[in-house]
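This report concerns only the one structure given below.
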Ligand code: BGC
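In the working numbering, the protein residues as written are 12 to 772.
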C-alpha cells in the first residue's frame, strides 16, 4: 500500500484505535482494526528457526511451538565466515515463514560477545563487529528476499543477561560506535531490516525503549532506517516517552494499560498526536508489505531443510587442534563415541530461540553402518560421571583405534535469562576426558557450546572439533567432518582465552547494582589480547583444515589514497594439500603511526572471503577497503575520521597468523576542528604546519631560554642531567604559556593573544 493511502487510513482512525495499534494484540500478533479492514499480522522467534506458538504464548521458550527445523545458532554460523551460505539459510527461513503466515522472524541477534559469560552468547555471532555485521546482513537479505521481515535485535548494548531488564550499559560513544553499533548500522544501511527490536537494558541510564538518541537520531536520521521499532517482550517502562522516542510497537500486549496512557497523554497535551500517527504509519507500512506479498502456498520441505542444516553445520565446525593429523578418522577403524552428547547432542540454546524440532540427528545415529561403539560417559541431567561410567568409557577407549569424547555445556550452564558464573565445562566431563585420554592416545574431543570454555586437558588430547550449537542435524555434520566426508572450514568468531580472568571485561562485567561499565572500551576480544601480547588458548579467526593453504602475492591497488577513495586488496591463495577445502582469507588493518588516534587496537578485521579450492588449485581474491576500514569515531566532529598516515594491511588465516603484510598511506580530507590556547602544548601545536610557521619566533625564544648560556660554565653533573631527550621532552610538553614564564620579558600577553588569534584563524 502506498504511504499516502496508509496516511488516509490513519486519518480515519480514532485516537483510541491508533493508540491500540501501538501494542500487540497478544503475545505474537499486531492488532487489527476490523472497522477499516486493517489486518492482523503475526511475528515469531527466531532467529535460527521458527518458534511459532499456536496456543499459549510465552517469550521464554516454555510452551510448545509448532514442529520446525532448527538451523545452527549464530555462534556456529558466524564461524562459517560465509555470508553467501547464511543468505541461503535466510531464504529457507523466509520460505518457511511464508508457509506459516509469519510476517516477521525475530532475529538476527547481533549483540557483541563481550564476555564468555553472557548466557545468550550462543545466539550471538562474534566478538567482532565487522564479522557480526556481515553475517547479520546476509541473513536479513536472505529472509527478506522472500518478502518476510526480520527484527535485528537487541538494539543495543545488550551483552549480558544479568539484571537484563533493568541494568544500564554505561559506555562511551566511541566504543558504542566502533564496537556495539556497527552490526546494526551495516545491516540497516545494506539490508534495511523491516523491523528493529530494542533491548531491555538502559544505555547510559536511559532505557533503550524510550531513548530518542538511539531510536530516532541514530537509527533513523543517521542510518536511514525505514521500518518499525518494536520493544523486546516487556521492555517498555514509560510508554509515552517511548512513543516520542520512536518506539513504534510495544510487545507483547499491555492489556490496554499503556494504550490508555498514550490516549490520556495526547488529550492532556503532553504528547503530540503526530507521534502516534507516525508510529501507526510505520507499523502499517510493514503490515501491508507482508500482507500484499503473502504466499501461504509456499511449500516447506522440512526434510530438505534437515539436510541443508547438516551441510551448513558442517561448514561451521572449527577444527581447533589436529595433532599428527589424527582427523579425519578412517571408516575402516573401530571408533568409540563417548559422552551423552554423542547420542543427544546439545545443538540449540534455552529460551526464546528454542525450536521444537521435527527431527534431531545425533552423531551415534549418523554413524550407523560405521564401526562405532557408544557409551554414555556422563549424565547431563545429573551433571555427574559415575565411576562405572568412567570405567566403561575407559574400557571402550582401550578397545578402539580412536576415542571421540562428545562434551560441552549442558543447557543449565548456558541459557537466555542468566549468565554463566565461570568458564569451565562440567567437572565430570573434564574428568572423563582426562581418563579417556590416558587410556587411548588417539583421543578427540567434540565440543557443543555457545561460548568459550577452559580446556585444562588440551595438552592431553590429539584433536578438538568445536561444533558450537550446530542445529538439529549436527550429528550428521559431525560424523561427516570426523570421517572426512567434509573438510572442516570454520574459523573462530571469537578468542578462546586461557582462563576467564584474562578476558578484558572480567573486572567490570555484570555490574552491581544499577549497571555495568564498559570500561574496557574498544578493547574487546582480540583487540585486547593482541594489544596486551597475551597468550590465548585459540586466537580469533583460527581454524584448521585437512588440507593446507598458502597465501602469497599480496597487492594493494594503490600505495596511497585519500579517505574518499577505496583500495583493492588482492591476494593469491593456493591449496597445497591433497584434499579439496575452503580457506578463509582474512584482512586486518592497523594504524601504523597514529598520533591523535593513538589508542587503537593493533589490528582489526576489515574484510574476509571464503574460497573453495581443489588440491593444487590457486585463486586470486580481491577485497575492497573503504574509509571505514581506516577510520575511528571522533566525538568532536561526531563522525568517522581517518588520521592521515601509514596503515598496515595484514592477510592470513587467523588474527595470529598473518604471513602477508603491506602498507598504505591514507590521507584525510577532513580536518579535525582545533583551537589552541595558552595551555596547548608545543608538541601538539607543532604538528600543525600553519601554526608552526606562526609560532616560529616564539619557539626560537623558548629554545634560547633553554639553551645553556656558553658564557656560564655548566657543571658536569648538570650537563649529564639534561640529556637531549629530556630537553626535547621538556619542550614538547611545555604549554605555550611557558614562553611567558621562561622567556620572561621577551614576550607579552598581548603578543601571545595576537599569535593565538592568527593560529586559530
Ligand atoms: C527475547 C527476544 C525474543 C522475545 C520474544 C525476549 O525475551 O529477549 O529475543 O524475541 O523474548 O520471544
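Using N, Cα and C, we set each Cβ at its ideal position, and we do this for glycine too.
Residue 71 to residue 479 span [Cα, whole Å]: Distance between the alpha carbons of residue 71 and residue 479 is about 21 Å.
For residue 568, the three-state DSSP class (helix, strand or coil): coil
beta-carbon residue 802 near the ligand BGC non-hydrogen atom, thresh 7 Å: In the structure displayed, the chain extends from 12 to 772; residue 802 sits before or after that span and is not available.
Contact between the segment 280–290 and the segment 252–265 (3+ Cβ pairs under 8 Å): yes
Cβ-based burial, residue 582 [other Cβ within 10 Å; buried from 16]: buried
Pocket of the ligand BGC (residues with CB nearer than 5 Å to any heavy atom), chain order: 56, 70, 117, 243, 244, 363
Proximity of residue 493 and residue 333 at Cβ, strictly below 8 Å: no
Euclidean distance between Cα positions of residue 693 and residue 765: 17 Å
Sub-8 Å separation of residue 104 and residue 63 beta-carbons: no
Sheet register partners of residue 476 (DSSP bridge): BP columns for residue 476 point to 330, 457.
Other residues of its chain near residue 538: CB distance less than 6 Å, five sequence neighbours each side excluded: 612
Rounded separation between residue 338 and residue 457 - CA only: Between residue 338 and residue 457, the alpha-carbon positions lie close to 12 Å from each other.
Secondary structure of residue 218, DSSP reduced to three states: DSSP places residue 218 in strand when its eight states are reduced to three.
Distance, residue 533 Cα to residue 542 Cα: 11 Å
Close beta carbons around residue 67, own chain, < 7 Å, minus the five adjacent residues each side: Short of 7 Å from the beta carbon of residue 67, and not among the five residues preceding or following it, lie these beta carbons of its own chain, in chain order: 74.
Three or more C-beta pairs below 8 Å linking the segment 268–285 and the segment 115–132: With fewer than three CB-CB distances shorter than 8 Å, the segment 268–285 does not count as touching the segment 115–132.
Residue from 574, 560, 584, 365 with nearest C-alpha to residue 566: 584
Residue of 593, 393, 688 minimising C-alpha distance to residue 327: Of the listed residues, the one whose Cα sits closest to residue 327 is 593.
Three-way DSSP call (helix, strand, coil) for residue 553 in this model: coil
Alpha carbon of residue 31 to alpha carbon of residue 53, nearest angstrom: 16 Å
Reduced DSSP category for residue 108 - H, G, I as helix; E, B as strand; rest coil: The answer is helix: DSSP assigns residue 108 an H, G or I state.
Which residues DSSP lists as bridging residue 586, in chain order: Answer is 560.
Whole-angstrom distance between residue 771 and residue 502, CA atom to CA atom: 51 Å
Anticipated Cβ contact below 8 Å, residue 464 with residue 420, distance rounded: 7 Å
First and last residue of the uninterrupted beta strand (DSSP E) at residue 749: For residue 749, there is no enclosing beta strand (DSSP E); the residue is part of the alpha helix (DSSP H) that begins and ends at 749–753.
At least three beta-carbon pairs within less than 8 Å, the segment 171–189 to the segment 515–532: Taking 8 Å as the limit for Cβ pairs, the verdict is that the segment 515–532 does touch the segment 171–189.
Status (buried if at least 16 other CB within 10 Å, exposed otherwise) for residue 24: buried
Nearest-angstrom Cα separation, counted from residue 574 out to residue 638: Each residue's alpha carbon lies about 5 Å from the other.
Inter-residue spacing [alpha-carbon to alpha-carbon] between residue 450 and residue 240: 56 Å
Residue 164 to residue 198 span [Cα, whole Å]: 11 Å
Rounded straight-line distance, which links the Cα of residue 452 to that of residue 8: Because the chain here runs from 12 to 772, residue 8 falls outside it and cannot be looked at.
Cutoff 6 Å; reference residue 665; Cβ partners in own chain excluding five residues on either side: 550, 552, 553.
Distance, residue 234 Cα to residue 200 Cα: 6 Å
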